[in-house]
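Going left to right, the sequence shown walks through residues 2 to 294 as this note's numbering numbers them.
The beta-carbon is built from N, C-alpha and C at its ideal position, and this holds for glycine as well.
These notes are about the structure you will find just below.
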Amino acid sequence: MIFLKRLLVVGQGPAGISAAIYARRGGAAVTVLGKGTGALAKAELIENYYGFDEPLSGEELARRGIEGAKRLGVEFVTGELVGLRFKDAMDGFVAEVPGGTIEAEAVVLAMGTSRLAPPIPGLKEFEGRGVSYCAICDAFFYRGKEAAVLGAGDYALAEAQALLPHAAKVHLLTNGEKAPENLSEGLVLHMEKIKSVEGAERVERVVFEGGGTLSVSGLFIAFGTAGSTAIAKKIGILLEGVYLKVDASMATNVPGVFAAGDATGGLLQVAKAVHEGATAGLSALKFLRGKKA
């Protein structure tokens, strides 16, 4: 079998694994990047999926899918996607993970929807007016100003690193969570719980539950891990609400990037995720076959 250039599938739930299996069987060299199995792992029992005469847990279904993909030769990398950008001359993609990068000729985004931001008064009200979800998109607007990142994981650290070359000072707000390891030099850590985000026309300050305040011009949300919506914004993928906009072939508006599963909205069920994953995997395979050597 002649193996085509690498396809990167982000997410190892039903959509991602289905995409990986179909693309791999078609001859693509496939790498799956994932950390956990998302919403499927939380399903106690699944009784409405074709082919099983007895209920099984979401965790077991996920395990079987992953093992089937490994049997076909799909490569798995454990990690979190914190950024996605174009390679030089926009020929292919570079996926940024903690401690390194993965290069690919095509990408399938199947890591579900973005995590919800914590219910802090002011976050939603100031979206687009100082509250942002993409540091690489908006960092330039905070040249010489103070900005903050809300989060405590690898994704938050990556967003903070994107801000550091531009902002006069960058604060990391963990909202009561444990401080992350390997803080970047120059990053100011605040672990207090946040009461609210306030301002007039734009964000002006963060108010902590203990009564203290922090004056900032911008607040970037990087709570939990980067979902498909957050990654989409970084590379210019069109959205429909909070979901990635795709056509019938599961292609986004960015050539070479496909999406499947919960990231595209609609019926949030395993059957729909598997169908979309298969379509995305085959579409990515067709895209790779059409690329010049």
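CA nearest to the CA of G177, picked from M192, V132, V171: M192
Beta-carbon proximity list for F221, same chain, < 6 Å, skipping 5 on both sides: S133, A136, V150, E160
Straight-line Cα distance separating R144 from G17: 38 Å
Ordered list of alpha helix (DSSP H) runs contained in the segment 193-261, each at least 4 residues: Whole alpha helix (DSSP H) segments, 4+ residues: 229-236.
Cβ pair G296, V204 closer than 8 Å: The structure shown does not extend to residue 296, since the chain is modelled only from 2 to 294, so the question has no answer here.
Inter-residue Cα distance where the pair is N254 and G219: Cα atoms of N254 and G219: separation of roughly 29 Å, rounded to the nearest angstrom.
Validate contact between the segment 8-24 and the segment 260-279 using beta carbons, cut 8 Å, 3 pairs: Flag = yes, the segment 8-24 and the segment 260-279 touch.
Bridge-paired residues (DSSP) for A105: F94
Spatially closest choice to P99 from E106, V109, L85, G242, by CA coordinates: L85
Enclosing beta strand (DSSP E) for H172 [first to last residue]: 170-174
Span of the alpha helix (DSSP H) around E60: Note, E60: alpha helix (DSSP H), 59-72.
Short Cβ contact (8 Å threshold) for F259 with V31: no
D1 burial status per 10 Å Cβ neighbour count (16 or more: buried): It is not possible to answer for residue 1, since the shown part of the chain is limited to 2 through 294.
Classification of A140 by the beta-carbon crowding that lies within 10 angstroms, buried from 16 upward: That one is buried.
Where V83 falls: helix, strand or coil (DSSP): V83 falls in the coil class under three-state DSSP.
Nearest residue (CA-CA) to R65, options I22, I103, E104: Answer by Cα proximity: I22.
Among P256, G267, G266, nearest to G291 - alpha-carbon criterion: P256
Simplified DSSP assignment, three categories, for F288: helix
C-alpha gap between A157 and A223, whole angstroms: A157 and A223 have their C-alpha atoms spaced approximately 5 Å apart.
Reduced DSSP secondary structure (H/G/I, E/B, other) of I47: Of the three classes helix, strand and coil, the one that applies to I47 here is strand, per DSSP.
Nearest-angstrom Cα separation, counted from E81 out to E147: 27 Å
Close Cβ partners of F87 (< 8 Å) along its chain, the five nearest in sequence each way excluded: G93, F94, V95, I236
Where the alpha helix (DSSP H) containing E160 begins and where it ends: For E160, the uninterrupted alpha helix (DSSP H) segment begins and ends at 155-164.
Option nearest T175 by Cα separation, candidates L190, V247, A163: L190
Residues near C138 by beta carbon distance below 7 Å, same chain, minus five either side: K234, K235
Neighbourhood of A44 by C-beta, 6 Å cutoff - its chain only, sequence neighbours within 5 removed: G59
Beta-carbon contacts of E68 that lie in its chain and below 6 Å, excluding the five residues immediately before and after: none
Rounded straight-line distance, which links the Cα of A111 to that of G52: 23 Å
Start and end residues, alpha helix (DSSP H) containing A136: 136-139
Member of G213, L46, R26, N49 whose CA lies at the smallest distance from the CA of R72: R26
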